[in-house]
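**Q**
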Amino acid sequence: MRNHVPEALAAMTVEPVVLSVRSGLFEPPVYRAGSGEPLVFLHGAGGLGHGSMRDLETLARDYDTIAPVLPGWDDTDGLQHVDDVHDMVVFLQDFVDAAGLRSFFLMGHSLGGMFASELAAARPDLVRKLVLVAPIGLWLDESPVADFFTALPSELPQLLCADPADPTVAALFQPPSDSEERAHAMYLQLANFAAAGKFMWPIPDRGLKKRLHRVKAPTLVLWGESDRVLSPAYGHLFETKIPNAELVTIPGAGHLLPLEKTEQLVAEVRRFLG
Numbered sequence: 004m005r006n007h008v009p010e011a012l013a014a015m016t017v018e019p020v021v022l023s024v025r026s027g028l029f030e031p032p033v034y035r036a037g038s039g040e041p042l043v044f045l046h047g048a049g050g051l052g053h054g055s056m057r058d059l060e061t062l063a064r065d066y067d068t069i070a071p072v073l074p075g076w077d078d079t080d081g082l083q084h085v086d087d088v089h090d091m092v093v094f095l096q097d098f099v100d101a102a103g104l105r106s107f108f109l110m111g112h113s114l115g116g117m118f119a120s121e122l123a124a125a126r127p128d129l130v131r132k133l134v135l136v137a138p139i140g141l142w143l144d145e146s147p148v149a150d151f152f153t154a155l156p157s158e159l160p161q162l163l164c165a166d167p168a169d170p171t172v173a174a175l176f177q178p179p180s181d182s183e184e185r186a187h188a189m190y191l192q193l194a195n196f197a198a199a200g201k202f203m204w205p206i207p208d209r210g211l212k213k214r215l216h217r218v219k220a221p222t223l224v225l226w227g228e229s230d231r232v233l234s235p236a237y238g239h240l241f242e243t244k245i246p247n248a249e250l251v252t253i254p255g256a257g258h259l260l261p262l263e264k265t266e267q268l269v270a271e272v273r274r275f276l277g
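In the working numbering, the protein residues as written are 4 to 277.
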């Protein structure tokens, strides 16, 4: 793994610590900041190297926020040992054991929301409360999930964001001026999307609907009203499939809700987690 921290991560001013999991079979970098109740955050298909630290920095004001880089993302090793979503759940159990966590809040965005749902269903004893932000994992024939894998780089802002012209959002998609950094950023995006494809292609349905009834933790489902990747109809579906869930839809946000409307999202999380 390259010892490289993208500029977007520097905003959190926290250096990742490599954690040995399963006797060194996995060595995920872990970003940890803040104090209070532990909150494990699972990132989406873009990894943690695409500006997704502003939300974590805000969460760290109130919680001991723990964000591992999942195997295969952000130029890390280990995906070769993860064949399917069930292996990922085993990895996550091993990760929280290695981190010394016995009971925690759990939050996941997009693909990370699917992994968080699966972990909460498999190990309800670990998860005190669950926050799902536009999670994938279900399928509606009448509202297919958008295939962002085939989107051109110029098309991603329109697909992922409610208002691509918003200066804060536009900055996320601004390529580095340095040619070497630009090439590395493109490499990371391709590698991250390749990792995500293992769990999302051809459709992001790995049977989660058959397991959501096992989620015992009170659950907050957050959705952007203008999500073009996952229709808000999926939010209502998650709300009905999870026994003790509430759905909050946030206006003016798309699929990158944590970055588009960070303060609103964190306010809802604080209200829910306490």
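Note that beta-carbon positions come from the ideal geometry of N, C-alpha and C, so glycine has one too.
When the cut-off is 8 Å and only beta carbons count, does A124 lie next to chain D?
**A** Absence of chain D from the displayed structure is noted, only one protein chain being present.
**Q** Applying the 10 Å Cβ sphere with the 16-neighbour rule, what's the burial state of N295?
**A** Shown here, the chain extends from 4 to 277; a query on residue 295 therefore has no answer.
**Q** Anyone know if the C-beta pair for G238 and L250 falls short of 8 Å?
**A** Numbered from 1 along the sequence shown, position 235 holds the residue referred to as residue 238. Numbered from 1 along the sequence shown, position 247 holds the residue referred to as residue 250. Contact: yes.
**Q** Can you tell me the Cα-Cα spacing of A173 and V93, whole angstroms?
**A** One-based indexing of the sequence shown puts residue 173 at position 170. One-based indexing of the sequence shown puts residue 93 at position 90. Rounded to whole angstroms, A173 to V93 spans 37 Å at the Cα level.
**Q** Using 8 Å as the threshold, is the region 230-247 in touch with the region 118-138, meaning 3 or more CB pairs across them?
**A** Result yes; three or more Cβ-Cβ pairs closer than 8 Å.
**Q** Once DSSP output is grouped into helix, strand and coil, what is the label at G227?
**A** Position 224 of the sequence shown, counting from 1, holds the residue named residue 227. Three-state DSSP puts G227 in a strand.
**Q** Can you name, in chain order, every residue of its own chain whose Cβ lies under 6 Å from the Cβ of L276, other than the five neighbours on each side?
**A** Residue numbering aside, residue 276 sits at position 273 when the sequence shown is read from its first letter. Within the same chain, L276 has close Cβ partners F108 and K132.
**Q** Which residues in the same chain as V8 place their Cβ atom closer than 6 Å to its Cβ, once the five residues preceding and following it in sequence are excluded?
**A** Mapped onto the sequence shown, residue 8 falls at position 5. Caution is warranted here: a pLDDT of 33 is assigned to V8, below 50, making its placement in the model unreliable, and no coordinate value can be reported.
**Q** Nearest to S38 by alpha carbon, out of A101, T171 and R64?
**A** As a working mapping, residue 38 is identified with position 35 in the sequence shown. Ranking A101, T171 and R64 by Cα distance to S38 puts R64 first.
**Q** Considering only the alpha carbon of each residue, which of E121, D128, H112 and S157 lies closest to L104?
**A** Position 101 of the sequence shown, counting from 1, holds the residue named residue 104. When each option's Cα is compared against that of L104, the closest is D128.
**Q** Does DSSP put A149 in a helix, a strand or coil?
**A** If you number the sequence shown from 1, residue 149 lands on position 146. In this structure, A149 counts as coil in the three-state DSSP scheme.
**Q** Just verifying my parser: in three-state terms, what is the DSSP assignment at T61?
**A** The residue you call residue 61 lines up with position 58 of the sequence shown. Three-state result, T61: helix.
**Q** Measure the Cβ-Cβ separation of G47 and S113 and say whether it is below 8 Å.
**A** Your numbering for residue 47 matches position 44 in the sequence shown. Your numbering for residue 113 matches position 110 in the sequence shown. Going by C-beta atoms, G47 is nearer than 8 Å to S113.
**Q** Whose C-beta lies closer than 8 Å to the C-beta of V33 among residues of the same chain, with five residues either side of it excluded?
**A** Here residue 33 corresponds to residue number 30 of the sequence shown, with the count starting at 1. Closer than 8 Å at the Cβ level, and outside the excluded window around V33, lie P19, V20, V21, L22, I69, A70, P71, V72 and A102.
**Q** Go to D100, then tell me how far its alpha helix (DSSP H) extends in each direction, as first and last residue.
**A** Counting from one through the sequence shown, the residue named residue 100 turns up at place 97. D100 -> alpha helix (DSSP H) spans V88 to A101.
**Q** What ranges does the alpha helix (DSSP H) occupy inside the region 174-256, keeping only unbroken runs of at least 4 residues that lie completely in it?
**A** Qualifying alpha helix (DSSP H) stretches, in chain order: 182-203 and 236-244.
**Q** Which of helix, strand or coil does DSSP assign to H46?
**A** Here residue 46 corresponds to residue number 43 of the sequence shown, with the count starting at 1. Correct three-state label for H46: coil.
**Q** Note down the Cα distance separating R209 from F151, rounded to an integer number of angstroms.
**A** Locating residue 209 in the sequence shown gives position 206, counting from the first residue. Locating residue 151 in the sequence shown gives position 148, counting from the first residue. When rounded, the distance between both Cα atoms is 18 Å.
**Q** Would R185 be called buried (16 or more neighbouring beta carbons within 10 Å of its own) or exposed?
**A** Translated into the one-based positions of the sequence shown, residue 185 becomes position 182. Exposed, by the Cβ-count rule.
**Q** Going straight from the alpha carbon of G111 to that of A198, what length do you get?
**A** Here residue 111 corresponds to residue number 108 of the sequence shown, with the count starting at 1. Here residue 198 corresponds to residue number 195 of the sequence shown, with the count starting at 1. Taking the straight line from one Cα to the other gives about 17 Å.
**Q** With respect to the alpha helix (DSSP H) encompassing T265, which residues constitute its N-terminal and C-terminal limits?
**A** Sequence index remark: in the sequence shown, residue 265 carries index 262 (1-based). Its alpha helix (DSSP H) spans residues T265 to L276.
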